[in-house]
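Taken in order, these protein sequences are the chains called P and C. Residues 1 to 338 in my numbering are what the first sequence lists, from first letter to last. Residues 339 to 676 in my numbering are what the second sequence lists, from first letter to last. Reviewing the structure listed below.
Number of protein chains: 2
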Amino acid sequence: MSIKKWSELDIIKIFSAQSGLKSHPDLIKGIGDDCAIFSTAGNRHWVTTTDILVEDVHFNRTWHPPRLLGRKSIAVNLSDIAAMGADAHFALVSVVLPDNIDKEWVSSWSSGLLEILDEFDCLLIGGDTVKGSQLVINVVVLGSVDKDQAILRSTAQENETIYVSGMLGSAAAGLEICRNPSLFSSLDHQICEPLIEQHLNPTPELRLGKVLRKSGIVGSMQDLSDGLATDLAHICAQSSVGAEIDAFSLPGHENLDLVCEQLDTEPTTMKISGGEDYRLVFTVRQNMDEQLQALQKNEPLGPIYPIGRTVKGQGVKLITKDGKSSDISFKGYQHRSG
Amino acid sequence: MSIKKWSELDIIKIFSAQSGLKSHPDLIKGIGDDCAIFSTAGNRHWVTTTDILVEDVHFNRTWHPPRLLGRKSIAVNLSDIAAMGADAHFALVSVVLPDNIDKEWVSSWSSGLLEILDEFDCLLIGGDTVKGSQLVINVVVLGSVDKDQAILRSTAQENETIYVSGMLGSAAAGLEICRNPSLFSSLDHQICEPLIEQHLNPTPELRLGKVLRKSGIVGSMQDLSDGLATDLAHICAQSSVGAEIDAFSLPGHENLDLVCEQLDTEPTTMKISGGEDYRLVFTVRQNMDEQLQALQKNEPLGPIYPIGRTVKGQGVKLITKDGKSSDISFKGYQHRSG
């Protein structure tokens, strides 16, 4: 008997429908951004986000050390908080643990999780634990931001410069190395390591997100979880603008070309479609790029790369060196760690 | 090779350790109550809680209609909010869906979930969806309560009367009927139905929780999820008091005895150890029982039953008609819906 398949989009549609119809005096922003935003008395808004990580979909225990998986479980949520320009305060962690996981694994995983919470002054305030057949980790993070100051996906305008806050495609390349170790046995370990590290242990850009938010020059922002092609398409769709990305300007790790050669993949494809870099993509208001440069001089923010611009229209277009343009909207990453 | 098994308690200990060591200026109450409590500016405190429900552990799709499972996914969290005397405002729902679930199931489940959120003026503000091998539902609810007014587990004193807000053991009996349908084929459907309904579709006691909190006569409160013997033991442990429960006073549904006979179980055992009734257990300050009665007259609260008292000492003791006493602390319910 064939069954009518559901898709993630069906569920998001069902859920968003209620969000669209109903309102709440304290709700500033519901479903549709990196975080939801709600108001409390005083001069702060609260933000919250959740991610559910499932074994063999989002991660693979074979190559993911438990401590780093603990870190990443939190990092992917902190990255959403960073994309609002907010501070993280509290976390709730629920976990479904299969019987074939031992105490030592649980202990390392927890230590990684608590370690990164500590690093970002975030406190674990609740959770739930249960046995099950598949390892599942659900994290919720709560944070806050100055009232009305959260940076949204929906507020980009035309003629803004688009920036990313680090190399693209590193995590995706790292994942491919972990998946196909035999392919890389001829490569020096040092070639592969920084890319694997980006896959296993991404750093959420909370400090950068906050500095950018405070600068007042940022039009829109989101974190890179599903790949530039998809994440930037969200900004375009929600802001009713188009985006042009210059292929030659996309930053990649110096070892990416070598790894892509081994994988028989174009580095550009890896950079636009590879997910989970957890860098920030943001737009800077027209004629304010110099202020960004000044900001970088005064307060080193780490590498930031201009990669294109917002334009009148819709969708994300990739412009190659020969001037050819192709639509890459939503051609990002589908999670699959099997 | 034998592996060192983890237990839920190990994980709670690891997690609570950080909570115990660290503080946050906005955190009022971390791990250990029905909800965590955090402060924002103004005259409200925010509360938050999370529950993760796993197929074949917390529910069984064979007999749990999707709409009612959607309702229950939310209800078990709203019940924690009720136990603080708080109002619910926002929910985040994450779900891991296996491939053998069809669109119709998802649609019914979502409609149940949105329906109960509506009934309690709670808005869905975020979530996550992913495919996996086992159905997992994680819900977080955020609510608020007047500043410093949340009712805790840790504030019971000696010589308070202990009350429960409804029949005990109904949901556990309903679960047993669903598990062993052949055992009950000789019983009239009408005998079984109210008990099954309590298992499939519990009602969170948000209105009652709030009225009790506002009355100012309640010493401590918690919801009944793991069975009276365990839930009341939490109040005792956290408040450093003991509890005496009178077996004869434990309220049960009029059909419970008949069902227990079929199961060859003592009704009292079902009432003290059966989980998931999602009623409230609370203590009323010494000499304030008359005020509770007056409250009930002015503002009908549904049935409320006195079942015992807090005493000097520790642990929960069950006193039978012949005056015998036995320690039932933490002898509650272990989730198993297989």
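No residue lacks a Cβ here, since even glycine has one placed at the ideal position from N, Cα and C. None of these values were measured; they are calculated from a predicted model.
C-beta neighbour in chain C for residue i, strict 7 Å
i               : result
S94 of chain P  : yes
F184 of chain P : no
N342 of chain P : Only positions 1 to 338 of chain P appear in this structure, which leaves residue 342 of chain P out of reach.
I74 of chain P  : no
G166 of chain P : no
W6 of chain P   : yes
D231 of chain P : no
K103 of chain P : yes
V145 of chain P : no
F59 of chain P  : no
F15 of chain P  : yes
Any C-beta of chain P under 7 Å from that of residue i
i               : result
N518 of chain C : no
G421 of chain C : At residue 421 of chain C the sequence reads Ala, which differs from the Gly that was named. No, A421 of chain C does not count as interfacial toward chain P.
S577 of chain C : no
S563 of chain C : no
A632 of chain C : no
V444 of chain C : yes
G368 of chain C : yes
S492 of chain C : no
S417 of chain C : no
S448 of chain C : yes
Buried or exposed by the 16-neighbour rule on C-beta atoms within 10 Å, applied to residue i
i               : result
S503 of chain C : buried
P363 of chain C : exposed
L347 of chain C : exposed
N593 of chain C : buried
F248 of chain P : exposed
H189 of chain P : exposed
S144 of chain P : buried
S7 of chain P   : exposed
E614 of chain C : buried
A393 of chain P : In the structure as shown, chain P begins at 1 and stops at 338. Residue 393 of chain P is therefore absent and cannot be evaluated.
G507 of chain C : buried
D437 of chain C : exposed
K635 of chain C : exposed
S273 of chain P : buried
G313 of chain P : exposed
P609 of chain C : Contrary to the premise, residue 609 of chain C reads as Lys rather than Pro in this sequence. So K609 of chain C ends up on the buried side.
D223 of chain P : buried
Partner residues on chain C for residue i, Cβ-Cβ distance less than 8 Å
i               : result
V141 of chain P : Ordered by position in chain C, no residue passes the 8 Å Cβ test against V141 of chain P, which lies about 11 Å from the chain.
Delimiting residues of the beta strand (DSSP E) encompassing residue i
i               : result
D584 of chain C : G580 to D584
L570 of chain C : Note, L570 of chain C: premise wrong, no beta strand (DSSP E); alpha helix (DSSP H) at L566 to S577.
S377 of chain C : A374 to S377
P204 of chain P : Per DSSP, P204 of chain P belongs to no beta strand (DSSP E) and is neither H nor E.
A86 of chain P  : Per DSSP, A86 of chain P belongs to no beta strand (DSSP E) and is neither H nor E.
N476 of chain C : V474 to D484
S325 of chain P : S325 to D327
Element boundaries [alpha helix (DSSP H), containing residue i]
i               : result
Q222 of chain P : No alpha helix (DSSP H) holds Q222 of chain P; the beta strand (DSSP E) holding it covers V218 to D223.
K609 of chain C : P605 to S611
D456 of chain C : K441 to E457
L525 of chain C : No alpha helix (DSSP H) holds L525 of chain C; DSSP gives it neither H nor E.
D351 of chain P : Residue 351 of chain P lies beyond the residue range present for chain P, which begins at 1 and ends at 338; the question has no answer from this structure.
Contact list for residue i against chain P, beta-carbon separation under 8 Å
i               : result
A374 of chain C : F90, L92, I125 and G126
L513 of chain C : Those do not exist, as L513 of chain C stays about 17 Å from chain P at its closest Cβ, beyond 8 Å.
For residue j and residue i, believed in contact at Cβ under 8 Å, the rounded distance
i               : j               : result
L53 of chain P  : S73 of chain P  : 6 Å
P251 of chain P : Y163 of chain P : Contact doesn't hold; Cβ gap of about 10 Å is too wide.
G368 of chain C : Q576 of chain C : Rounded, the Cβ-Cβ distance is 13 Å, inconsistent with contact.
I196 of chain P : G174 of chain P : 4 Å
V649 of chain C : S667 of chain C : 13 Å between Cβ atoms; not a contact.
V218 of chain P : T283 of chain P : 7 Å
Cross-chain neighbours of residue i in chain P, by beta carbon under 7 Å
i               : result
H362 of chain C : H89 and L123
Q472 of chain C : G132, S133 and Q134
W401 of chain C : The premise fails here: W401 of chain C is roughly 19 Å from chain P at the closest Cβ pair, so nothing lies under 7 Å.
S392 of chain C : The displayed chain sequence assigns Val, not Ser, to residue 392 of chain C. Neighbours of V392 of chain C on chain P, chain order: V96, V130 and G132.
D348 of chain C : K103 and V106
Near the ligand FMN: residue i beta-carbon under 6 Å from a heavy atom
i               : result
S240 of chain P : Ligands in the displayed structure: none, and consequently the ligand FMN is not present.
Neighbouring residues, chain P, relative to residue i (Cβ below 9 Å)
i               : result
I381 of chain C : First, the residue type needs correcting, since residue 381 of chain C is Asn and not Ile in the sequence shown. What N381 of chain C touches in chain P: A41.
L365 of chain C : H89, F90, L123 and I125
Contacts that residue i makes with chain C (C-beta to C-beta distance below 7 Å)
i              : result
A51 of chain P : Here residue 51 of chain P turns out to be Asp, not Ala, going by the sequence shown. Per Cβ cutoff of 7 Å: D466.
L69 of chain P : Ordered by position in chain C, no residue passes the 7 Å Cβ test against L69 of chain P, which lies about 15 Å from the chain.
Residue i: contacting residues in chain C (beta-carbon distance under 9 Å)
i               : result
L318 of chain P : Per Cβ cutoff of 9 Å: no residues; L318 of chain P is ~28 Å from chain C at best.
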